[in-house]
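For reference, the structure discussed in these notes is given below.
Numbering (my numbering), first residue to last: 6 to 437.
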């Protein structure tokens, strides 16, 4: 089966964008299936830097892109991103980008709700405040606006009134300013002719492409540990982030998804609140942050850093059906005398091998580590498995053993070609 689904196997920021960029060279179509412009990534191609949040990464490589129905689409953010791409010489047109007609719209009022909700929380979640969560709330509450509504001005006005009635009742209860139709409807009417040319029945197009044997690359946003069901709830995103979300978020059946590639750093990071069992609040954590340049693409927020948590990784492999792993930023571990790998938890005096669903229990969990010697040489820039130091190879092999799936790709530096390919997720042919 030719298709590949890329999922983050930690808490996001694992380097998915760089790997999607690499895999896009082997794909015919690249499809986004979840999230919104709350998670970004940076690509450097031929000396140009592209910062993407909504657009599929394959557009940079000349591959057609799809934004599926599972994406929460802010039309203003989309058009701004398209304009930035044009400035960099990449034309995004209806010829190379399709948007699902049933994708949910993110509106300015959603950002206002997001800000108010975060202020009211006793323990902030760390949302990016871009309105993604409130837009998904409206979707499941059956009052959200969808892309197809832009084609029906009369129906749009009626649906907008219902949405405003709901949110304004909440705003009034908090003593906050309310929103009027006059503030939003003209904006949506103005956006309609700019967005509608991109709109298609994406589900049908992708099924046709699959039946024709074309290779589809599904580009995931965020990561398994931020999934609304399988993440560290409530410190999660508002959408599905496991591989099965690619089916629900595009309309291509689950049996057609193909190989699932999980992306994990050689260490662990997290942005915002929530439990993080292997977090380091010491010099080692700061060293990981600075060496790995661990700051958010969209927000600039410093990421929390720690050792790789193989318990968490194994659970992500299981619940997302991951077939192989891409191990990124192995070079960041260069120079450490000692490297640790979380292999279990101790909870209330007992050893456990999974993440408890209870947030309180997970907060009490203590890491159980295996310790590895660091390597005297460097992995930076290496492009063959045999060129890695033996200590680095032992670390990789132990990660494979605990996760229960093979490592198919290793990145050893910031350049696109700083990649060791053990097997291609598209064809599984060994090339180490």
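Glycine included, each C-beta is placed from N, C-alpha and C at the ideal position. Keep in mind the model is a prediction, meaning the values are calculated, not measured.
Under DSSP, residue 153 forms no beta bridge with any residue. If you draw a straight line from the Cα of residue 417 to the Cα of residue 299, it is about 16 Å long. Segment contact: the region 249–266 against the region 87–97, fewer than three CB-CB distances shorter than 8 Å; contact not assigned. Taking residue 111 as reference, the option from 83, 67 and 322 with the minimal CA-CA separation is 83. The way I'd put it, the region 189–207 doesn't touch the region 120–135; fewer than three beta-carbon pairs between them come closer than 8 Å.
Taking a C-beta distance under 7 Å as the contact criterion, residue 334 and residue 396 do not qualify as a contact pair. Within 10 angstroms of the beta-carbon of residue 54 lie fewer than 16 other beta-carbons, which makes it exposed.
The DSSP-derived three-state label of residue 238 is coil. Sorting 117, 108 and 60 by C-alpha distance to the C-alpha of residue 91 places 60 at the top. Each of 374, 354 and 376 was checked against the Cα of residue 366, and the nearest Cα belongs to 354. Residue environment analysis places residue 58 among the buried positions, since at least 16 neighbouring C-beta atoms fall within 10 angstroms of its C-beta. For residue 357, the uninterrupted beta strand (DSSP E) run begins and ends at 355–357, by DSSP. Residue 222 has 9 and 35 as its beta-bridge partners, per DSSP. Here residue 356 is exposed. Its C-beta has fewer than 16 other C-beta atoms within 10 Å.
Setting aside the 5 residues that flank it on each side, residue 310 is surrounded in the same chain by 272, 273, 274, 284, 285, 290, 291, 293, 294, 297 and 299, each with a C-beta closer than 8 Å to its C-beta; the list follows chain order.
Collapsing the DSSP output to three states places residue 378 in a strand.
By the neighbour-count criterion, in which a residue is buried when 16 or more other Cβ atoms sit within 10 angstroms of its Cβ, residue 194 is exposed.
Residue 104 and residue 40 have their alpha carbons spaced roughly 14 Å apart. Residue 169 and residue 262 have their C-alpha atoms spaced approximately 38 Å apart. In this structure, residue 237 lies near residue 279, with their beta-carbon atoms less than 7 Å apart. By the 16-neighbour rule on beta-carbons within 10 angstroms, residue 147 is exposed.
A contact between stretches requires three or more CB pairs, one per stretch, nearer than 8 Å, and the region 17–27 meets this requirement with the region 217–225.
The three-state reading of DSSP puts residue 202 in helix, counting H, G and I together. Here residue 219 has 33 and 34 as same chain residues with Cβ atoms under 7 Å from its own Cβ, once five neighbours each way along the sequence are excluded. For the options 188, 287 and 317, the alpha carbon positioned closest to that of residue 235 is the one of 317.
As summarised for the region 161–199, there are no continuous beta strand (DSSP E) elements at least 3 residues long confined to that stretch.
The continuous alpha helix (DSSP H) containing residue 404 extends over residues 395–408. For residue 312, the uninterrupted beta strand (DSSP E) run begins and ends at 309–314, by DSSP. By the Cβ-count criterion, residue 328 is buried, with 16 or more other Cβ atoms from all chains shown falling within 10 Å of its own Cβ. In the three-state DSSP reduction, residue 327 falls in the coil class, being neither helix nor strand.
Under the three-pair Cβ rule at 8 Å, the region 240–252 does not count as touching the region 111–121. Closest by C-alpha distance to residue 143, out of 287, 351, 8 and 108, is 108. In the DSSP annotation of this structure, the continuous segment of the alpha helix (DSSP H) that includes residue 87 starts and ends at 80–92. Residue 37 places its beta carbon 7 Å or farther from that of residue 10.
A straight-line Cα-Cα distance of about 26 Å links residue 118 and residue 87. The alpha carbon of residue 410 has as its nearest neighbour, out of 17, 325 and 184, the alpha carbon of 325.
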